[in-house]
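For the sequence shown, position 126 (counting from the first letter as 1) is numbered 126 according to UniProt numbering, and the numbering increases by one without interruption.
Written below as structure tokens is the structure these notes are about.
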Amino acid sequence: MLSILDNSLRALNFAFLVIILGLTGSLAATHKTHNNPQVNFAIFTAAFGLLFDSLYAIPANFVSALAWPLLIAVFDFLNFVFTFAAATALAVAIRTHSCTNQDYLDGNTVTQGSTDRCRKAQASVAFLYFSFFIFLAKLGLSLVNLISVGAFGSSSRRTGNVGVPTISQV
């Protein structure tokens, strides 16, 4: 079973990832001229995060055979890398100017002249970075768990008899 802190971070990140999926899905659905690879990658990142972070955690809480610390650490690392890459790629693509500057809106391939698309893209970047920091914290927790419990999670490890012998050992 996963810790309460880990489950709390997963629940908060689930909300962020659903918001990201909605915002970036709206950006992809309302494009005028062409699709943007940055927006498509942000959609992939949100879907990957939902699948391998939130939806994987539900059975891992109840079936201990699924909660391998190595597998959880790998998923957290991949989500960490993907959210950072998606947030940075989208931030570079929109170049974070003011959404009221019409010259900027018309020249940007993500905003495509729309103030609404500009605000959605900026909100997507913000939520992607929020999710990135949650994945960073979860990666730290996963690595601590991986080191303390082992790769496949046998929390009932036996320690060797060290120290002063008891009367039954004599």
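From the three backbone atoms N, C-alpha and C, an ideal C-beta is built for every residue, glycine too.
Taking the CB atoms as reference points, tell me whether residue i and residue j lie closer together than 7 Å.
| i | j | result |
| --- | --- | --- |
| Ala57 | Leu66 | no |
| Ala91 | Ser142 | no |
| Gln122 | Lys32 | no |
| Leu21 | Phe80 | no |
| Asn145 | Pro69 | yes |
With a CB to CB cut of under 6 Å and the five nearest residues on each side skipped, what residues in its chain are close to residue i?
| i | result |
| --- | --- |
| Ala87 | Val125, Leu128, Tyr129 and Phe132 |
| Ala11 | none |
According to DSSP, simplified to helix, strand and coil, what is residue i?
| i | result |
| --- | --- |
| Pro165 | coil |
| Val63 | coil |
| Ser3 | coil |
| Ser148 | helix |
| Gly113 | coil |
| Thr83 | helix |
| Arg10 | helix |
| Lys138 | helix |
| Ser98 | coil |
| Asn40 | helix |
| Lys32 | coil |
Between the C-alpha atoms of residue i and residue j, what's the straight-line distance to the nearest angstrom?
| i | j | result |
| --- | --- | --- |
| Leu5 | Ile134 | 11 Å |
| Leu105 | Leu78 | 33 Å |
| Gln38 | Leu9 | 26 Å |
| Thr100 | Asn40 | 25 Å |
| Val63 | Leu55 | 13 Å |
| Thr24 | Asp103 | 23 Å |
| Ser3 | Thr115 | 42 Å |
| Asn75 | Ala137 | The question names Asn, but residue 75 in the sequence shown is Phe. In a straight line, the C-alpha of Phe75 is about 13 Å away from that of Ala137. |
| Ala89 | Val164 | 60 Å |
| Ser98 | Ile147 | 46 Å |
| Phe84 | Asp53 | 15 Å |
| Phe82 | Thr166 | 53 Å |
| Asn35 | Ser26 | 12 Å |
| Thr30 | Thr96 | 20 Å |
| Leu51 | Ala28 | 20 Å |
| Leu71 | Asn7 | 16 Å |
Excluding five sequence neighbours on each side, which residues of the same chain lie with their C-beta closer than 8 Å to the C-beta of residue i?
| i | result |
| --- | --- |
| Ile94 | Asn108, Val110, Thr111, Cys118, Ala121, Gln122 and Val125 |
Spatial neighbours of residue i within its chain, please: C-beta separation below 7 Å, excluding the five flanking residues on both sides.
| i | result |
| --- | --- |
| Ala42 | Ile20, Thr24, Ala86, Leu90, Ser124 and Leu128 |
| Ser168 | none |
Using a beta-carbon distance below 7 Å, is residue i in contact with chain B?
| i | result |
| --- | --- |
| Leu78 | Protein chains in the displayed structure number just one, and chain B is not present. |
- the segment 37 to 52 in contact with the segment 15 to 26 per 3-pair CB rule at 8 Å: Yes, since at least three Cβ pairs between the segment 37 to 52 and the segment 15 to 26 fall closer than 8 Å, the two stretches touch.
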